[in-house]
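Here's the structure we're looking at; comments come further down.
In full-length UniProt numbering, the protein residues as written are 1 to 312.
Okay, here's the thing in structure tokens:
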């Protein structure tokens with residue numbers, strides 16, 4: 001059984017050695033443990049530091065491509081290197097390497113395909129009350145859309161079985177965490193959480209520029225990711241937002257037309273407005289059908305990608 005621990009990095013020469021030293025050297029049930037550093041176009045000595053610390057594999061980008069792209073490239077490389085289990089962790093020592101056996105255990109025992117580390121954000125002193133509240137709201141939304149009972153949906157500390165990793169296809173350029181769960185949850189993989197410990201924050205996040213930017217970016221990712229798998233449902237919901245007001249306004253005109261004909265002519269504008277709303281809802285519904293067909297085509301393409309990965 002081969003485990004590869006992948007670490008996406010961007011200018012992490014200072015913290016990477018701390019993270020690497022904390023990684024386990026042996027885990028019960030695992031025969032081989034290897035490390036993979038994905039250098040996302042770093043301008044410092046990240047690659048040199050990785051080599052000095054005996055990292056098994058290094059994958060380097062010439063230019064910065066973002067966390068999501070680095071994560072996806074790492075998954076591809078791990079599959080190419082015949083990993084049976086893949087653990088993803090951050091280079092900033094946010095997560096405790098001592099918890100990796102806890103992530104791996106349910107996969108080894110066949111109880112789950114993906115394990116997400118729960119940071120227990122209520123206990124993190126550096127998180128403001130607003131951030132904790134937004135974390136709960138966001139995680140609740142993602143749980144409903146992914147059908148996965150995950151407490152901390154944006155945690156990047158995760159373990160994947162080889163089969164689950166073969167189904168990963170990341171399209172977002174921001175963060176893979178949410179899209180990943182929605183995708184694998186809708187593909188019916190078993191996803192579980194385990195409580196983990198976090199270390200003291202040693203630097204500010206490089207992923208986002210504050211809470212507002214993070215929330216808006218994640219919300220776009222949530223809507224886009226869910227629409228990929230439930231396109232007809234999403235467009236139907238949006239269509240209903242226009243259809244219901246249109247029907248109510250139209251019913252109001254019909255009332256005047258039948259019971260108070262003299263006043264009906266004074267409400268022609270509302271009839272036109274109702275017609276516009278109903279037409280928009282119809283267009284959205286038709287777009288939903290088209291998007292649903294495209295979604296089916298995407299699933300066929302994903303199957304071809306999975307077949308190619310298995311053959312490779």
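Backbone N, C-alpha and C define an ideal beta-carbon position, used for all residues, glycine too.
- request: Tell me, please, which residues DSSP counts as bridged to residue 117.
  value: Looking at the DSSP output, residue 117 bridges to 194.
Problem set entry | Nearest neighbour of residue 139, chosen from 155, 272, 228 [CA to CA] | Cα-wise, what sits closest to residue 139 is 155.
Can you tell me whether DSSP reads residue 8 as helix, strand or coil? Looking at residue 8 - three-state DSSP - the assignment turns out to be strand.
Q) How many Å lie between residue 9 and residue 34 at the Cα? A) If I take the Cα positions, the gap works out to 16 Å.
How should residue 268 be labelled, buried or exposed, when 16 other C-beta atoms within 10 angstroms of its C-beta is the threshold for buried?
Exposed.
- request: Assuming residue 232 and residue 279 form a contact by the criterion Cβ under 8 Å, report the distance between their Cβ atoms to the nearest whole angstrom.
  value: Wrong, their Cβ atoms sit about 19 Å apart, outside the cutoff.
* Whole-angstrom Cβ separation of residue 196 and residue 117, contact assumed at under 8 Å? -> Indeed they touch by this definition, with Cβ atoms about 4 Å apart.
- prompt: DSSP beta-bridge partners for residue 47?
  reply: Partner(s): none; residue 47 has no beta bridge.
Q | Proximity winner among 285, 158, 16, relative to residue 112 (alpha-carbon distances) | A | Out of 285, 158, 16, 158 has the C-alpha closest to the C-alpha of residue 112.
Report all residues from its chain with a CB closer than 7 Å to the CB of residue 151; omit the five preceding and five following residues, and keep chain order. Answer for residue 151: 118, 139, 193, listed in chain order.
Requested in this report: Put residue 34 into one of helix, strand or coil per three-state DSSP.
Outcome: The DSSP-derived three-state label of residue 34 is strand.
Cβ neighbour criterion (16 or more within 10 Å) applied to residue 212
Answer is exposed; the Cβ neighbour count stays below 16.
Practice item. Tell me whether residue 88 sits in a helix, a strand or coil according to DSSP, three-state version. Key: Strand.
| message | Measuring only the C-alpha atoms, how far is residue 273 from residue 66? | response | The C-alpha of residue 273 lies about 45 Å from the C-alpha of residue 66.
Between the CA atoms of residue 81 and residue 108 - distance to the nearest angstrom: Between the alpha carbons of residue 108 and residue 81 lies a gap of roughly 19 Å.
ask   = What do you reckon, are the CB atoms on residue 41 and residue 64 nearer than 8 Å?
value = Yes; because the gap between Cβ atoms is below 8 Å, this pair is in contact.
Open item on the list: Does residue 300 pass the burial test, meaning 16 or more other C-beta atoms within 10 Å, or should it be called exposed?
Closed with: Exposed: under 16 other Cβ atoms inside 10 Å.
Would residue 263 be called buried (16 or more neighbouring beta carbons within 10 Å of its own) or exposed?
-> Under the 10 Å beta carbon count, residue 263 is surrounded by fewer than 16 other beta carbons and is classified as exposed.
For residue 62, name the three-state secondary structure that DSSP assigns.
Coil at residue 62, not helix or strand.
Exercise. According to the Cβ coordinates, are residue 39 and residue 18 closer than 8 Å?
Worked result: Cβ atoms of residue 39 and residue 18: not closer than 8 Å.
field: Proximity below 8 Å, CB of residue 282 to CB of residue 235
entry: Cβ atoms of residue 282 and residue 235: not closer than 8 Å.
Can you say whether residue 43 is buried or exposed, counting buried as having 16 or more other CB atoms within 10 angstroms of its CB? Counting Cβ neighbours within 10 Å, residue 43 comes out exposed, since fewer than 16 surround it.
Exercise for the section: Classify residue 230 as helix, strand or coil using the three-state DSSP reduction. Expected result: Note: residue 230 maps to coil in three-state DSSP.
### Query
Is residue 310 helix, strand or coil when you go by DSSP?
Three-state result, residue 310: helix.
_According to DSSP, is residue 149 part of a helix, a strand, or is it coil?_
In this structure, residue 149 counts as coil in the three-state DSSP scheme.
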